[in-house]
Structure formats: structure tokens, C-alpha cells
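*Asks:* Encoded as C-alpha cells, here's the structure I'll be asking about.
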Amino acid sequence: MTVDSWQLAVDSWQLAVGSWQLAVGNWQLLNYQLLLIKLKHRYPETGFFNQNTG
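Under our numbering, the first residue of the sequence shown is numbered 1002, with each subsequent residue one higher.
Written as C-alpha cells, this is what we have:
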């Protein structure tokens, strides 16, 4: 196994890990947005969740 093919394997692995982290990040962001929507419906009178709509 040459150095180039080893480097390519490492780069591919890092790319796969990066893609996985991105997917997890998107999933967490989606859960966060769903939580905010749930809280807005549960406490519509507070106005606290409406201050960042701009």
C-alpha cells in the first residue's frame, strides 16, 4: 500500500465522518426547531419565543 493510497483512505474516512457529523447536526437542528414549535403552541402568551422572528 503506497502513501498516496493510504492518504486517500484517510481522506475518504474523514469525509465520511464529516458527512455523518453533518447529518447528526441536521437531525439535532430539526429536533430543536420542533421543540421550539411545541413550546410556541404550549406557551403562546409569553411572547418570549416570538422575539427572534425578525
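Backbone N, C-alpha and C fix where the C-beta goes; we use that ideal spot for every residue, glycine too.
For the alpha helix (DSSP H) that contains Tyr1033, what are its first and last residues?
*Replies:* Start and end: 1004-1043.
*Asks:* In whole angstroms, what is the alpha-carbon distance linking Leu1031 and Leu1040?
*Replies:* C-alpha separation (whole angstroms): 14 Å.
*Asks:* For Asp1005, which residues from the same chain have a beta carbon less than 7 Å from its beta carbon, with the 5 sequence-adjacent residues on both sides left out?
*Replies:* For Asp1005, where only same-chain residues beyond five positions count, there are no Cβ hits under 7 Å.
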